[in-house]
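Here is the structure we will look at, set down as structure tokens.
In the UniProt record's numbering, the protein residues as written are 1 to 141.
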């Protein structure tokens, strides 16, 4: 179960990194950076492959910076980390694949950010119940 958890987090982090690079170059005047295959930018495909190579090191560096291993209670920082992964995955998905949804606002705030935040919260709770059932049950008893 730990390997599945790690694999999911690595794939989502690679997705976030490749979406970030792709969205930066989305507004560039160079057409070769905008080439697409079946509505998937080629730059995204290349960056996703490269991101998969370095994603484990990125995860480990975040753990070192946040001193994850030395914490007595790892659950709060784990929840923030997984929530951040879910949030930025959804934001990257909109910024790269559905830019037309970026124009809607809710009281001045982009609506896609509001929905991404709500979904990230719910996904974090569901994800915790699936991959960390002992931790979540222990905290309520």
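Every residue, glycine too, gets a C-beta built ideally from N, C-alpha and C.
Quick check: the Cα distance between residue 40 and residue 76, rounded to an integer number of angstroms?
Cα to Cα, the separation comes out at about 35 Å.
Let me know the secondary structure DSSP gives residue 110 once reduced to three states.
Strand.
Between which two residues does the alpha helix (DSSP H) carrying residue 7 extend?
It spans 2–24 - the alpha helix (DSSP H) in which residue 7 sits, taken as one unbroken run.
Quick check on DSSP: helix, strand or coil for residue 36?
DSSP places residue 36 in strand when its eight states are reduced to three.
With a threshold of 7 Å on Cβ separation, who are the neighbours of residue 68 within its own chain once the five nearest residues in sequence on each side are excluded?
Once the five neighbours on either side are set aside, the close Cβ partners of residue 68 are 74, 77.
Just grab the DSSP bridge partners of residue 105 for me.
DSSP lists 110 as partners of residue 105.
Cutting at 8 Å between CB atoms, please list the residues of its own chain near residue 117, excluding the five before and the five after it.
Same-chain partners within the cutoff: 87.
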